[in-house]
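Trainee: My questions all concern the structure below.
Number of protein chains: 2
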Amino acid sequence: MSTSRAAARLSRVAGHIHITSPIQNQTRRMSAVTNGRPQRRHKVAIIGSGNWGSAIAKILAENTTANSDLFEPEVRMWVFEEDYQLPSDHAAYDPSRHSHPTKLSALINELHENVKYLPGIPLPPNIVADPSILSAVKDASLLIFNVPHQFVSKICDQIDGKILPYARAISCIKGVDVSPAGISLFSDVIGRKLSIYCGALSGANIANEVAQEKFCETTIAYDPPGTLTPVPEEFPVVNHALWKALFHRPYFHVSMIHDVAGTSLGGALKNVIAIGAGFMDGMGWGDNAKAAIMRIGILEMRKFGLMFFDTCRSETFTEQSCGVADLITSCAGGRNHRCAKLSVEQGRPIEEIEREVLNGQKLQGTLTAKEVYEFLSARGKAEEFPLMTAVHRILIGEEKVEDIPKLLHSGGGLLPSPK
Amino acid sequence: MSTSRAAARLSRVAGHIHITSPIQNQTRRMSAVTNGRPQRRHKVAIIGSGNWGSAIAKILAENTTANSDLFEPEVRMWVFEEDYQLPSDHAAYDPSRHSHPTKLSALINELHENVKYLPGIPLPPNIVADPSILSAVKDASLLIFNVPHQFVSKICDQIDGKILPYARAISCIKGVDVSPAGISLFSDVIGRKLSIYCGALSGANIANEVAQEKFCETTIAYDPPGTLTPVPEEFPVVNHALWKALFHRPYFHVSMIHDVAGTSLGGALKNVIAIGAGFMDGMGWGDNAKAAIMRIGILEMRKFGLMFFDTCRSETFTEQSCGVADLITSCAGGRNHRCAKLSVEQGRPIEEIEREVLNGQKLQGTLTAKEVYEFLSARGKAEEFPLMTAVHRILIGEEKVEDIPKLLHSGGGLLPSPK
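Quick look at the structure:
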């Protein structure tokens, strides 16, 4: 970005901070300012340093530098410590230091590269890898969560009471937890466990492509209640403009919305639809059959959101990156789509394909299809979601792929009135 | 379809005819009925017998048979007459009759196959090919237009005054006519020239796949004004349920809406977006960049519709087959996408690729991009459609593909409030 454009953007962002909008009322108050600027800057920490965590850390660090009136430049990144042997063909390999396994956090800080999880991508030097989670989150007013979902709960237990009471958070963890008992959003788990507010980021994003600065978009949902511990007045107000200043890059376009549940749901439900799309390709029914499944999938995802979450908005699914765009990507080449396609083509159970193709990893879509079906069945609603129900029933052998058009046709009410 | 399901569907359709809904008020009146049924049935004619025309004729003929309480079984299909030499390896080839070129209409009626334009697909015997357009449309109360768009005007001139004054029509002609002076819908041209009402059918449909009964969906828009010559009372009411009975098949799912302009616009504007999506693939930016372009494309298509047509509805673009699904298909493998991709990969003008790949046929998207740009520019609105404008300006060499993310970012108001 040219200096003048960056300056123009900064002034826009700074301008926003003093604009009242209805959605900012909850946290807004007059900033104590000196010469038109808040006296303190936000300190950013990211919890997680895998593939996606490192790509997001890179973005955060680029933006804390670019917006140094709003953020302290240093971004602390918590690293789950492990020993790592730097390959001898790495450009920075020095036999005097790297001939034996080294701490990953130390390597990241030395080489400014996450050599294990995001190799080949230079990280800004203002990312500081920290193997201590308590040290990483200390004094951070903005917390970004980007860890595998099974660790969320334990990590929150570790840092509960050790973070700033007025910290605000964004979860980059994909999907939701679905069980017959209910649906739980990772952002809600984080917020509840830490007694803070946590929004959500989700979109048509693949870590490596984002890290390579290939163009994509994402959605960030942030809609804090009015009952939080206030952010002290000397900080810039934490609102949509501030989060956009922290996440938006020329190659990573951010759209800010309020619907946290809808933003999170798409990342889970799209995997079920991608299996349905893979079935169409497996049948050789062509791009139009697949587009039909995707269209119906968007509408069923929306119906699910509107039925079970008061705060869900129709347009999160039909217009946002976390909805329609993420679904498009998943149906174009994701693993759920691929395994479903191969399963139909070869006439073999998807579990066999999964074992062969995924090398020990598990398909998200088959599990989510089962969980969603059980959740819906427990509420007598399975028939109102004919596509997601058909996908599950085909996966367990109770229906056939060739009957999908009939199953969709017989289903009830695919088109609810949007709110 | 099983007999019992067919019967159930018929009774649903018949039931609908006597239900008042707000949208039917304009044309609704009490039918003169005998034993609960209208005394006369609709006669269906299709004007056009190309690839898509023949596939639609097959659907019509299947449904007039299945719904013989509503429609006369015979479907007249106007054939632009030509001589055709049946290949000697055709299964029905008989040297005593086929050793020389034969009239195409006679061949269709003899073989129940459009051997030239839809070879290999058996057509129902109740399709009657008719080389006389006046004879084909005579006494038809339902007219289906499915001809290349450049012939619409001339054909209307030929049959003007020779059709039933109370006929109703549906245009299956894809797209719209865009010029700096304005946008004209083919359905409007037909309606105006013939002094009847004409709706529109558009969706993610490829003629050959529909003919092979591969599953897909379509959208039919029908919203007649209250000022038409009334359909006589002894006919079944021409409403959404009737059109659905005529077009919906187990493999061809129909969604009925009211937004004729939106239904038609998608089929034209999607070609511009498909070029943008092809640019992304050409850059090797991955599925997420492409999904971002498609998402923005849906929103720009919608914005275009809402800005220039009072009757357009947001959901036609975000939810219907004629909108989001047709766009998905076009960006997956259509010719606009393919040529744009090759153009970027090979660093050569798209016109060169077009000549090589399309064998003399013209790309729709480059022409539409130019027409849309000129239309928008004439109204000072080009900047409000940054993606469509960028596509055109890249095509004419005024911008670069790699600047698309920047061009999108700088554009004004991508997200209008839907109506």
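Taken in sequence, the protein lines are chains Y and R.
Going from the first sequence to this note's numbering is simple: count from 1 and add 115.
Going from the second sequence to this note's numbering is simple: count from 1 and add 115.
Heads up, the beta-carbon is just placed ideally off N, CA and C, and yes, glycines get one too.
Would you please verify whether the beta carbon of C287 of chain Y is less than 8 Å from any beta carbon of chain R?
Mentor: Position 172 of the first sequence holds residue 287 of chain Y. Taking Cβ atoms only, chain R never reaches closer than 8 Å to C287 of chain Y, which makes this a no.
Trainee: Using a Cβ-Cβ cut-off of 6 Å (strictly less than) and excluding sequence neighbours within five positions of E415 of chain R, which residues of its own chain qualify?
Mentor: Residue numbering aside, residue 415 of chain R sits at position 300 when the second sequence is read from its first letter. These residues qualify, in order along the chain: F500, L502 and M503.
Trainee: Anything in the stretch 348 to 375 of chain Y with a Cβ closer than 7 Å to a Cβ of chain R? List those residues in chain order, please.
Mentor: Here the close residues are P365, Y366 and H368.
Trainee: What whole-angstrom Cβ distance do R450 of chain R and L482 of chain R have, given they're in contact under 8 Å?
Mentor: The residue labelled residue 450 of chain R in the question sits at position 335 within the second sequence. The residue labelled residue 482 of chain R in the question sits at position 367 within the second sequence. The Cβ separation is near 13 Å, so there is no contact.
Trainee: Between the C-alpha atoms of H452 of chain R and I171 of chain R, what's the straight-line distance to the nearest angstrom?
Mentor: Here residue 452 of chain R refers to the residue found at position 337 when the second sequence is read from its first residue. Here residue 171 of chain R refers to the residue found at position 56 when the second sequence is read from its first residue. Those two C-alpha atoms are separated by around 26 Å.
Trainee: When we look at the beta-carbon of E349 of chain Y and count the other beta-carbons within 10 Å, is it buried (16 or more) or exposed?
Mentor: Locating residue 349 of chain Y in the first sequence gives position 234, where the first residue counts as 1. Classification of E349 of chain Y: exposed, given that the 10 Å Cβ count is below 16.
Trainee: Anything in chain R within Cβ reach of E324 of chain Y, meaning under 9 Å, just list it in chain order.
Mentor: The residue labelled residue 324 of chain Y in the question sits at position 209 within the first sequence. What E324 of chain Y touches in chain R: W400, G401, D402, N403 and A404.
Trainee: Take S294 of chain Y and list the residues in its own chain whose beta-carbon comes closer than 8 Å to its own, dropping the five residues that flank it on each side.
Mentor: Residue 294 of chain Y sits at position 179 when you count from the first residue of the first sequence. So the qualifying residues of the chain are E486, E489 and F490.
Trainee: Can you give me, in chain order, the residues of the stretch 310 to 339 of chain Y that have a beta carbon less than 7 Å from any beta carbon in chain R?
Mentor: Of all residues in the stretch 310 to 339 of chain Y, A319, N320, I321, E324, K329, F330, C331 and E332 have a Cβ within less than 7 Å of some Cβ in chain R.
Trainee: Work out the CA separation of Q327 of chain Y and L522 of chain R for me, nearest whole Å.
Mentor: Stepping through the second sequence from its first residue, residue 522 of chain R is reached at position 407. Stepping through the first sequence from its first residue, residue 327 of chain Y is reached at position 212. Those two C-alpha atoms are separated by around 20 Å.
Trainee: Look up D198 of chain R in the DSSP assignment and say whether it is helix, strand or coil.
Mentor: Here the question's residue 198 of chain R lines up with position 83 in the second sequence. Correct three-state label for D198 of chain R: strand.
Trainee: Show which residues of chain Y have a CB atom less than 8 Å away from the CB atom of I174 of chain R.
Mentor: Here the question's residue 174 of chain R lines up with position 59 in the second sequence. Correct list: empty, because the minimum Cβ distance to chain Y is about 14 Å.
Trainee: Measure the Cβ-Cβ separation of I242 of chain Y and A176 of chain Y and say whether it is below 8 Å.
Mentor: Mapped onto the first sequence, residue 242 of chain Y falls at position 127. Mapped onto the first sequence, residue 176 of chain Y falls at position 61. Against a cut-off of 8 Å, the Cβ pair of A176 of chain Y and I242 of chain Y comes out as a contact.
Trainee: What in chain C is Cβ-close to M409 of chain Y, meaning under 9 Å?
Mentor: The chain inventory of the structure shown lacks chain C, comprising the protein chains Y and R.
Trainee: Residues of the stretch 252 to 265 of chain Y with a CB closer than 7 Å to any CB of chain R: list them in chain order, please.
Mentor: Answer in chain order: no residues at all.
Trainee: Do you know whose CA, among Y:F330, Y:L357, Y:H524 and Y:I259, lies nearest R364 of chain R's CA?
Mentor: Within the second sequence, the letter at position 249 stands for residue 364 of chain R. Of the listed residues, the one whose Cα sits closest to R364 of chain R is Y:H524.
Trainee: Nearest CA to the CA of C454 of chain R: which residue from R:F419, R:A440, R:A392 and R:R307?
Mentor: As a first step, residue 454 of chain R must be located in the second sequence, where it is residue number 339. Selected option, being the one with the closest Cα: R:A392.
Trainee: Looking at S317 of chain Y and G381 of chain Y, is the spacing between their C-beta atoms short of 8 Å?
Mentor: Numbered from its first residue, the first sequence carries residue 381 of chain Y at position 266. Numbered from its first residue, the first sequence carries residue 317 of chain Y at position 202. In contact: G381 of chain Y and S317 of chain Y (Cβ atoms closer than 8 Å).
Trainee: Write down the C-beta distance between S286 of chain R and D245 of chain R rounded to the nearest angstrom, noting that I regard them as a contact closer than 8 Å.
Mentor: The residue given as residue 286 of chain R occupies position 171 in the second sequence. The residue given as residue 245 of chain R occupies position 130 in the second sequence. That pair is no contact at about 20 Å.
Trainee: For I321 of chain R, count neighbouring C-beta atoms within 10 Å of its own C-beta (all shown protein chains included) and say buried if the count is 16 or more, exposed if not.
Mentor: Within the second sequence, residue 321 of chain R is the residue found at index 206, counting from 1. Per the 10 Å Cβ criterion, buried.
Trainee: Could you check if T344 of chain Y is buried or exposed, using at least 16 other CB atoms within 10 Å of its CB as the buried criterion?
Mentor: Along the first sequence, one-based indexing puts residue 344 of chain Y at 229. When all chains shown are included, T344 of chain Y counts as exposed.
Trainee: Looking at C-alpha atoms only, which residue of R:E228, R:K218, R:P239 and R:K231 is the closest neighbour of S247 of chain R?
Mentor: Within the second sequence, residue 247 of chain R is the residue found at index 132, counting from 1. The shortest C-alpha separation from S247 of chain R is found at R:K218.
Trainee: Give, in chain order, every residue of the stretch 444 to 459 of chain R whose Cβ lies closer than 7 Å to some Cβ of chain Y.
Mentor: Residues passing the 7 Å Cβ filter: T444, A447 and G448.
Trainee: Between which two residues does the alpha helix (DSSP H) carrying H213 of chain R extend?
Mentor: One-based indexing of the second sequence puts residue 213 of chain R at position 98. Looking at the DSSP string, the run of the alpha helix (DSSP H) that includes H213 of chain R is P210 to H213.
Trainee: Per DSSP, which one or two residues make a beta bridge with E332 of chain Y?
Mentor: Within the first sequence, numbered from 1, the residue matching residue 332 of chain Y stands at position 217. According to DSSP, which records beta bridges pairwise, E332 of chain Y is partnered with Y:H368.
Trainee: What span of residues does the alpha helix (DSSP H) with W358 of chain R cover, start to end?
Mentor: The residue you call residue 358 of chain R lines up with position 243 of the second sequence. Looking at the DSSP string, the run of the alpha helix (DSSP H) that includes W358 of chain R is H355 to F362.
Trainee: Is the beta carbon of I223 of chain R sitting closer than 8 Å to the one on V190 of chain R?
Mentor: Taking the second sequence and counting its residues from 1, one reaches residue 223 of chain R at position 108. Taking the second sequence and counting its residues from 1, one reaches residue 190 of chain R at position 75. The answer is no: Cβ separation not under 8 Å.
Trainee: I want to verify the contact list: residues of chain R whose CB lies under 7 Å from the CB of L414 of chain Y, in sequence order.
Mentor: The count along the first sequence starts at 1 and reaches residue 414 of chain Y at position 299. Ordered by position in chain R, the residues that pass the 7 Å Cβ test against L414 of chain Y are E434.
Trainee: Expressed to the nearest angstrom, what Euclidean distance is found between the alpha-carbon atoms of F432 of chain Y and N386 of chain Y?
Mentor: Taking the first residue of the first sequence as 1, we reach residue 432 of chain Y at position 317. Taking the first residue of the first sequence as 1, we reach residue 386 of chain Y at position 271. Going by the C-alpha atoms only, they are around 14 Å apart.
Trainee: Quick one: does K385 of chain R have its CB under 8 Å from some CB of chain Y?
Mentor: As a position in the second sequence, residue 385 of chain R is number 270, starting the count at 1. It does not; no Cβ of chain Y falls within 8 Å.
Trainee: Using C-beta distances below 7 Å, list every residue in its chain close to S532 of chain Y, excluding the 5 sequence neighbours before and after it, in chain order.
Mentor: Here residue 532 of chain Y refers to the residue found at position 417 when the first sequence is read from its first residue. Residue confidence is low: S532 of chain Y scores 34 on pLDDT, short of 50, so the model does not pin down where it sits. Its coordinate-derived value is still stated next. Hits under 7 Å: none found.
Trainee: T334 of chain Y and T378 of chain Y - do their beta-carbons sit closer together than 8 Å?
Mentor: In the first sequence, residue 378 of chain Y corresponds to position 263, counting from 1. In the first sequence, residue 334 of chain Y corresponds to position 219, counting from 1. Yes, these two residues count as a Cβ contact at 8 Å.
Trainee: DSSP beta-bridge partners for S247 of chain Y?
Mentor: As a first step, residue 247 of chain Y is located in the first sequence; it is residue number 132 there, counting from the start. DSSP, once it has assigned bridges, lists no residue as partnering S247 of chain Y.
Trainee: Among all the DSSP beta bridges, which residues are the ones paired with V159 of chain Y?
Mentor: Counted from its first residue, the first sequence places residue 159 of chain Y at position 44. DSSP, once it has assigned bridges, lists Y:V190 and Y:L257 as partnering V159 of chain Y.
Trainee: Going along the chain, which residues of the stretch 509 to 524 of chain R sit with their C-beta nearer than 8 Å to a C-beta in chain Y?
Mentor: Answer set for the stretch 509 to 524 of chain R: I519, P520, K521, L523 and H524.
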